[in-house]
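Read top to bottom, the protein sequences are chains G and E. If you count the first sequence from 1, position 48 lands on 632 in my numbering, and the numbers rise without skipping. If you count the second sequence from 1, position 131 lands on 715 in my numbering, and the numbers rise without skipping. Where a beta carbon is used, it is the ideal one built from N, C-alpha and C, also for glycine. The structure presented is a predicted model; accordingly, all values stated were derived computationally and were not measured.
2 protein chains.
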Amino acid sequence: MSSTINPKCIIAVDAMGGDYAPRNAVLGAIDAFKSSPDFELLLVGKKDSIQEILSENNLEFDSDKIIHAEQIIEMHDSPTTSLKLKSDSSIVVGSKLVKDKKAHAFVSAGNTGAMMAASTLITGRIKGVSRPTMGAALPTAKGGVCYVYDVGASVDSKPDHLFEYAVMASIFVSEIEGVKNPTIGLLSVGEESEKGNEATKAAHKLIKNSNLNFIGNVEGRDVLKGDINIVICDGFVGNILLKFAESVIGLLKGKMRIYADKSITNKLRALLAKGTLKGALTGMDYQEYGGVPLLGINGISIIGHGSSSPLAIKNMILKAKEMYDKNLIQKIEESLKFYTEKNND
Amino acid sequence: MSSTINPKCIIAVDAMGGDYAPRNAVLGAIDAFKSSPDFELLLVGKKDSIQEILSENNLEFDSDKIIHAEQIIEMHDSPTTSLKLKSDSSIVVGSKLVKDKKAHAFVSAGNTGAMMAASTLITGRIKGVSRPTMGAALPTAKGGVCYVYDVGASVDSKPDHLFEYAVMASIFVSEIEGVKNPTIGLLSVGEESEKGNEATKAAHKLIKNSNLNFIGNVEGRDVLKGDINIVICDGFVGNILLKFAESVIGLLKGKMRIYADKSITNKLRALLAKGTLKGALTGMDYQEYGGVPLLGINGISIIGHGSSSPLAIKNMILKAKEMYDKNLIQKIEESLKFYTEKNND
């Protein structure tokens, strides 16, 4: 970060982002601020609406820290066109704050596509990053999670893009998620290095020749086993996999319903099993989580689910703070620089 | 089919294919033959081994119908090299029988990759087919199944390959699986036609301009819902998705184990729920099924799971018979010819 900004972490929050904005965004942000006053909070959005929520909840907040943005990018707006048509939207204004070094982080539960586009096109990428990447944590059979990168930030990834995802994911998962020297698998159709499509076969070589803790190709069946920390794939594959995984609970419910409808005994058995299943599958409702960072942006960009609760917003902000404290952006830049120089030798 | 062969259906069965060969293959084949004597059965493999199984089980079978093949392609053999090194293997000999019009169908539970390679390279493709395709039936929340094509026959599929998969899958699912005018979705990262990777965006247009019952792009979360009959995707994506889906049962078991280990009460509740879950999830153990045809081959090629039971082998043979009776190969050829001529107009 340049010296033009305060070394104290400044986090801008999109007050208008999400299905329950501005309420959930404002309440979550204020709560994060109260619990960890060690950062400066900026609320971005319609000043009146934000102040209304604040006064309704008897919350005090410095009105100078409310950055007015007249427009709102709605959840259904087209990401790229809305950036142009709504240049005074909270997402555009917030992304500009990071671009202009007036904030270190921007957090939003708004339109995901628009946030990805604004972060990439307005805030900009870290030097050495071809494409930013976004991950998801899938629960595994052993109780932990498996991080999948990319889950939709970009499609048609080239081998060097997949390599960059591996570098960025490895730094994020070790520094922020606390997994030391995380194992990395490359998602493919067979364990042998020669199995895969053109992109993964070339990416396999790139990742293998790095210092990353690469265990080789992994298959679809390995993601949920719990033996790998990070799985790398193109965003097209990762997005389909993530949405498929999210729908498994629906399949279970459907199957239980069909079973219950077969007889009175079945109905009773299903009713009894319901609580057990709910207990066993805690943590499998992906929407409960907070947001995820878009890695590779030259500033911290965290994107949350539209239905984010105040707690989810709070967690997103605290994650942004942690990323700032641990110099994540610099670490990604340095690591990619290391590999670029190594390859040029 | 040419007139050099008997109009009576001739089905060749790989007696040496599968983890329990020759036992399961021979028993399943004989059982199919007894239940439906309306076809001619050829058993391909080591004559001695086959006759041993036959006599052990007091089964009579015309020894002229045993086609000797000295070698066996093992499950772990490399598909392409084994075709060259083991030219007298049951898979190569069986595929040649179909190529030479001495059989209409070849059925094997052996090495899947070798069967795909032998069918494609030895038996050959239907005129107009760029690449063969293989599907899988995934159980859905509504009790039916969703057919996914391709699940691994080919990767890096071009738009016209995806279109051909849609044509072939549509014919197979309507003629053999009995789904009238099946709905077809193109697997992508968003419902809008402009969302996807380069291949799916172009394939979308091709499928849309056809007579197929195309409902547009579908997402990962739509596969298990039960609203779509056929989902089309590249084999890289489909293979990962299928193996991921097969592993969901393992995730459930793992989660239940972790839950049970937390307390005695949980252990009892988990024990009670186990039977209910097993009942509700019947049909979700994908390995129970028989084999699936490799569509696009100029002859019937059915590939089964290595662990196929005699019943699975029998079902594979009866499916081959049905495909023959319904002229599936000709129908695929005619349909693709129709689209080629239409596009040349």
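Neighbourhood of residue i by C-beta distance below 6 Å, restricted to the same chain and skipping five residues each side
i: L835 (chain G); result: none
i: G708 (chain E); result: N882
i: G822 (chain G); result: V732, D734, V735
i: I594 (chain G); result: E624, A687, H688
i: R607 (chain E); result: I637
i: I650 (chain G); result: L627, K631, I634
i: T588 (chain G); result: Because T588 (chain G) sits at a pLDDT of 48, beneath the cut-off of 50, its placement in the model cannot be relied upon, and the point is left open.
i: P877 (chain E); result: I886
i: A844 (chain E); result: N850, K851, A854
i: A596 (chain G); result: L626, V628, G678, L681, A687, F690
i: G697 (chain E); result: P663
i: F645 (chain E); result: L638
i: G967 (chain G); result: No answer is possible for residue 967 (chain G): the residues shown for chain G start at 585 and end at 929.
Inter-residue spacing [alpha-carbon to alpha-carbon] between residue i and residue j
i: E782 (chain E); j: E748 (chain E); result: 17 Å
i: K827 (chain G); j: K670 (chain E); result: 43 Å
i: T665 (chain G); j: V682 (chain G); result: 21 Å
i: I842 (chain E); j: A725 (chain G); result: 8 Å
i: M907 (chain E); j: G769 (chain G); result: 40 Å
i: P766 (chain G); j: K903 (chain G); result: 19 Å
i: I799 (chain G); j: V751 (chain G); result: 14 Å
i: E654 (chain E); j: E775 (chain G); result: 30 Å
i: N641 (chain G); j: D648 (chain G); result: 19 Å
i: D598 (chain G); j: S738 (chain G); result: 23 Å
i: L879 (chain G); j: A753 (chain G); result: 8 Å
i: V691 (chain E); j: G888 (chain E); result: 8 Å
i: S703 (chain E); j: K764 (chain E); result: 28 Å
i: K742 (chain E); j: S714 (chain E); result: 10 Å
i: I760 (chain E); j: N795 (chain E); result: 19 Å
i: M900 (chain G); j: E917 (chain E); result: 55 Å
i: I913 (chain G); j: K837 (chain E); result: 39 Å
i: L855 (chain E); j: G859 (chain G); result: 13 Å
i: I791 (chain G); j: K711 (chain G); result: 20 Å
i: N911 (chain E); j: G719 (chain E); result: 19 Å
i: L643 (chain E); j: E830 (chain G); result: 51 Å
i: S777 (chain E); j: R805 (chain E); result: 17 Å
i: K926 (chain G); j: D603 (chain G); result: 46 Å
i: K846 (chain G); j: G728 (chain E); result: 16 Å
i: D740 (chain E); j: C817 (chain E); result: 10 Å
i: I884 (chain E); j: I824 (chain E); result: 26 Å
Within-8 Å CB hit, residue i to chain G
i: V876 (chain E); result: no
i: L856 (chain E); result: yes
i: L825 (chain E); result: yes
i: T724 (chain E); result: yes
i: V677 (chain E); result: no
i: G727 (chain E); result: yes
i: F747 (chain E); result: no
i: T860 (chain E); result: yes
Residue-chain proximity (residue i, chain E), Cβ-Cβ < 8 Å
i: G863 (chain G); result: yes
i: I814 (chain G); result: no
i: F617 (chain G); result: no
i: V773 (chain G); result: yes
i: G880 (chain G); result: no
i: V739 (chain G); result: yes
i: E782 (chain G); result: yes
i: T704 (chain G); result: no
i: T707 (chain G); result: no
i: V821 (chain G); result: yes
i: G736 (chain G); result: yes
Where residue i falls, given that 16 or more other Cβ within 10 Å makes a residue buried
i: H660 (chain G); result: exposed
i: T717 (chain G); result: buried
i: S586 (chain G); result: At S586 (chain G) the pLDDT is 45, less than 50, meaning the model places this residue with poor confidence; the figure from the coordinates comes in the next sentence. Label assigned to S586 (chain G): exposed.
i: K862 (chain E); result: exposed
i: K839 (chain E); result: buried
i: F756 (chain G); result: buried
i: K592 (chain E); result: exposed
Contacts around residue i, its chain only, beta-carbon distance under 7 Å, and the 5 residues preceding and following it disregarded
i: K809 (chain E); result: T724, A725
i: P894 (chain E); result: N608, L611, G612, D615
Cβ shell of residue i (< 8 Å), same chain only, five flanking positions each side left out
i: S619 (chain G); result: K898, L902
Contact set between the region 829-854 of chain G and chain E, restricted to residues whose Cβ is under 9 Å from the partner: Along the region 829-854 of chain G, going in chain order, the ones with a CB nearer than 9 Å to a CB of chain E are A829, E830, S831, V832, G834, L835, L836, K837, G838, K839, M840, R841, I842, Y843, A844, K846, N850, R853, A854.
Between the region 797-809 of chain E and chain G, which residues of the former have CB atoms less than 9 Å from a CB of the latter, in chain order? Residues of the region 797-809 of chain E with a C-beta atom less than 9 Å from some C-beta of chain G are E803, G804, R805, D806, V807, L808, K809, listed in chain order.
Taking only beta carbons into account, state which residues of the region 634-668 of chain G come closer than 8 Å to chain E, listed in chain order. Taking 8 Å as the Cβ-Cβ cut-off against chain E, none of the residues of the region 634-668 of chain G qualify.
Short of 8 Å Cβ to Cβ, which residues in the region 748-760 of chain E face chain G? Those residues of the region 748-760 of chain E that come within reach of chain G (Cβ to Cβ, closer than 8 Å) do not exist; the list is empty.
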